Amino acid sequence: MDQFLQLLVAGLATGAIYALAAIGFTLVWQTSQTINFAQGEFVMLPAILALAARDLLHLPFWAAAILATVVFLLLFGLGFKRFLVDPMLKHGVLPLAIATMALSILMKEGAKDGYSAQAAQFPSLVPEGTFSLLGAAVSLRDVAVFVVAITAIVALQLFVTRTRLGRTMQATAQNPTVARILGVRVERMILLTFLINAGLAVLASYLISPIYLAKFSNGEVIGLSAFIAAIVGGFNQVRGALAGGFIVGLVDNLAAAYVSSGYRTAVPLGLLVVFILFKPEGLLGRREERTV
Amino acid sequence: MSEEPILKVEGLVAGYGKMTILNGTTFEVPKGSITTVIGPNGAGKSTVFKTLFGLLRAREGRVEFAGRDVTNLEPRALLEAGICYVPQGRNIFPELSVFHNIELGGIAAGRGLSDMPARIEKALDRFPALREKRDVQAGTLSGGQQKQLEIARGLLLDPKLILIDEPSIGLSPLLVEETFRFLIEQRNQGVSILMIEQNARSALAMSDWGLVLELGQTRMFDRADIILNDPRVGQLFLGGSLAETAA
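Chains as they are written, first to last, in this note's numbering: chain C, -14 to 277; chain H, 840 to 1086.
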């Protein structure tokens, strides 16, 4: 029971991080049909950039983290859209998806060659230690990660539903042609979603790297988990991605403890197969009606 | 036509990719009237609207609205100028509420309009069915209510010209009548309307002017009752029998 409680909290914490990545993933899919196979690397890189800025520029850690955030937003929010998505989308969804795969390899190898092939300690932004909950020693860091991630998601949800700008962004995602007919500056709205995606990736990166260490190959597991979370959740809903993130995080952590740590990533994949077979529209998604 | 037309289209050339659909389309829309565009499938009716509204680039030609050149302007600029476009089919944001759907009709005004809440209330007053469903997701509305929503949204900025494409598609005869009545009411308040309708007979019956488009060319332009009673038009587009009009 103690262990179960610990795993539950740890699962919710990693799940919240997967949810951050999954929400960004569905946002860019909705507004610009971008299936970003580099999403995991998007979460891997900001931490590496921050460490590199600290080590190479001899900056204090907080300044390095801010610099890395700004650079990442410019390169992988604005730059990603302008120089990869815009030119490739003209050729179709599939060429764009393949281009993002190429980008993921480039980011991974770039992080390895440019910084380190070793896993590096990443300073925790939240306090370490444990506290007792119903007799179980629960990690303070897990709770803090959960709280920070959920706060970000709630803030995003409030922005999207309660502000006119957020609703305009939603409208653009739901029907870009009609949004344009109503005078929405569609390109700006799409750029906004790319910036939000990059911002969510930075947050996820700074939250997960203290737990799993910062390493060039981190994106593989995170990307896969976020992808599964998005599919399970329904692929077109923030709430869906959130639910999907929690499910994958919990399944992942429980499977590692009770089934086998070697097969931990296989279990969420099994979950994906089950969903694709029996509930392809996901938990909260609606069936897509597409006309050409 | 003693008054200046609200819209003048001259020698419009446009199409998709290498395909040219409009090859020198020329016509005028009289001010303060309802003009119905009829023509066979593939005549380029919807293409004209898309080109007028800046969704498709005019390769040649000129569009003049209220005396001003508006060729190839962006939709936002055209909305500001006083044109609105209600396309064919369903054009709502299904997961936003009815209220928020209507609110988006004012987006082109930016933050410039302070009376936006009052305008939305007025739009809801016009369509009681929408007021009743103010806070539900627009995707749950019936087809007719969705069309009403689109029209209410389009009118939010008080357009001078409404481009409306096939408003009757998928609506019950009762709702079609209601929609047409609403358009007449708008016309009586001085709004000009350019409408495409498959339901040509009843559309022409409520229109002031008729425009026959074929292969992107204006074949006829006259008073709606004259077009309606022209035997050539009757044979070509209105169908000799009821069975054919359904096509």
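Just so you know, even glycine gets a beta-carbon here, dropped at the ideal spot from N, CA and C. Keep in mind that this is a model prediction, so the values were computed, not measured.
Residue i at chain H interface by Cβ criterion, 8 angstroms
{"i": "Arg224/C", "result": "no"}
{"i": "Ala156/C", "result": "yes"}
{"i": "Val145/C", "result": "no"}
{"i": "Asn160/C", "result": "yes"}
{"i": "Gly247/C", "result": "no"}
{"i": "Val277/C", "result": "With a pLDDT of 36 at Val277/C, under the threshold of 50, the predicted position of this residue should be treated as unreliable, though the coordinate-derived value follows. So no, Val277/C is outside the interface."}
{"i": "Thr297/C", "result": "Because chain C is modelled from -14 through 277, residue 297/C falls outside the range shown and cannot be assessed."}
{"i": "Arg152/C", "result": "yes"}
{"i": "Arg126/C", "result": "no"}
{"i": "Arg170/C", "result": "yes"}
{"i": "Gly270/C", "result": "no"}
DSSP three-state assignment for residue i, whether helix, strand or coil
{"i": "Ala242/C", "result": "helix"}
{"i": "Lys66/C", "result": "helix"}
{"i": "Ala1086/H", "result": "Unreliable positioning characterises Ala1086/H in this predicted model, as indicated by a pLDDT of 40, which lies under 50. The coordinate reading is nonetheless provided below. In this structure, Ala1086/H counts as coil in the three-state DSSP scheme."}
{"i": "Gly1049/H", "result": "strand"}
{"i": "Asp40/C", "result": "helix"}
{"i": "Gln985/H", "result": "helix"}
{"i": "Ala882/H", "result": "coil"}
{"i": "Ser101/C", "result": "coil"}
{"i": "Ile877/H", "result": "strand"}
{"i": "Asp908/H", "result": "strand"}
{"i": "Ala968/H", "result": "helix"}
{"i": "Ala23/C", "result": "coil"}
{"i": "Glu266/C", "result": "coil"}
{"i": "Gly1073/H", "result": "helix"}
{"i": "Val277/C", "result": "In this prediction, Val277/C scores a pLDDT of 36, lower than 50, which makes its location untrustworthy; the coordinate-derived value is nonetheless stated afterwards. The answer is coil: DSSP assigns Val277/C none of H, G, I, E or B."}
Residue range of the unbroken beta strand (DSSP E) whose run includes residue i
{"i": "Val70/C", "result": "Per DSSP, Val70/C belongs to no beta strand (DSSP E) and is neither H nor E."}
{"i": "Asp1061/H", "result": "Gln1056 to Arg1062"}
{"i": "Leu1002/H", "result": "Leu1000 to Asp1004"}
{"i": "Val55/C", "result": "That residue, Val55/C, is in no beta strand (DSSP E); its alpha helix (DSSP H) goes Phe46 to Leu58."}
{"i": "Ser872/H", "result": "Segment: none, Ser872/H is in no beta strand (DSSP E) and carries neither H nor E."}
{"i": "Ile922/H", "result": "Ile922 to Val925"}
{"i": "Ile1032/H", "result": "Ser1031 to Ile1035"}
8 angstroms Cβ cutoff, residue i in contact with chain C
{"i": "Pro998/H", "result": "no"}
{"i": "Pro926/H", "result": "yes"}
{"i": "Asn911/H", "result": "no"}
{"i": "Phe892/H", "result": "yes"}
For residue i, the first and last residue of its enclosing alpha helix (DSSP H)
{"i": "Arg126/C", "result": "Leu125 to Arg147"}
{"i": "Glu899/H", "result": "Glu899/H -> not in any alpha helix (DSSP H); beta strand (DSSP E) instead, spanning Glu899 to Phe904."}
{"i": "Ile118/C", "result": "With the sequence shown as reference, residue 118/C is identified as Leu, and Ile is not the correct amino acid for it. Unbroken run through Leu118/C is the beta strand (DSSP E), Thr115 to Leu118; no alpha helix (DSSP H)."}
{"i": "Ser194/C", "result": "Val171 to Tyr197"}
{"i": "Leu257/C", "result": "Ala251 to Phe263"}
{"i": "Val937/H", "result": "Val937 to Glu942"}
{"i": "Gln976/H", "result": "Run containing Gln976/H: none; DSSP gives neither H nor E here."}
{"i": "Ala214/C", "result": "Asn203 to Gly218"}
{"i": "Glu1017/H", "result": "Pro1012 to Asn1027"}
{"i": "Leu12/C", "result": "Asp(-13) to Ser17"}
{"i": "Ala957/H", "result": "Met955 to Arg965"}
{"i": "Ala164/C", "result": "Pro161 to Ile166"}
Where residue i meets chain H, residues with beta-carbon distance less than 8 angstroms
{"i": "Leu167/C", "result": "Pro914, Leu918, Leu943, Gly944, Ile946, Ala947 and Arg992"}
{"i": "Val13/C", "result": "Chain H residues near Val13/C: none, gap ~18 angstroms exceeds 8 angstroms."}
{"i": "Val163/C", "result": "Pro926, Asn930, Ile931 and Phe932"}
Contact test: residue i Cβ vs the ligand HEM heavy atom, cutoff 7 angstroms
{"i": "Arg1020/H", "result": "The model on display carries no ligand, and the ligand HEM is accordingly not part of it."}
Contacts of residue i in chain C (Cβ-Cβ under 7 angstroms)
{"i": "Pro933/H", "result": "Gln159"}
Residue i at chain D interface by Cβ criterion, 8 angstroms
{"i": "Ile135/C", "result": "Absent here is chain D; the protein component of the structure consists of chains C and H."}
Threshold first: 3 residues or longer. Then list the beta strand (DSSP E) segments lying entirely within the stretch 842 to 866 of chain H, N to C. Counting only unbroken stretches of 3 or more residues, the beta strand (DSSP E) elements lying wholly within the stretch 842 to 866 of chain H are 846 to 855, in sequence order.
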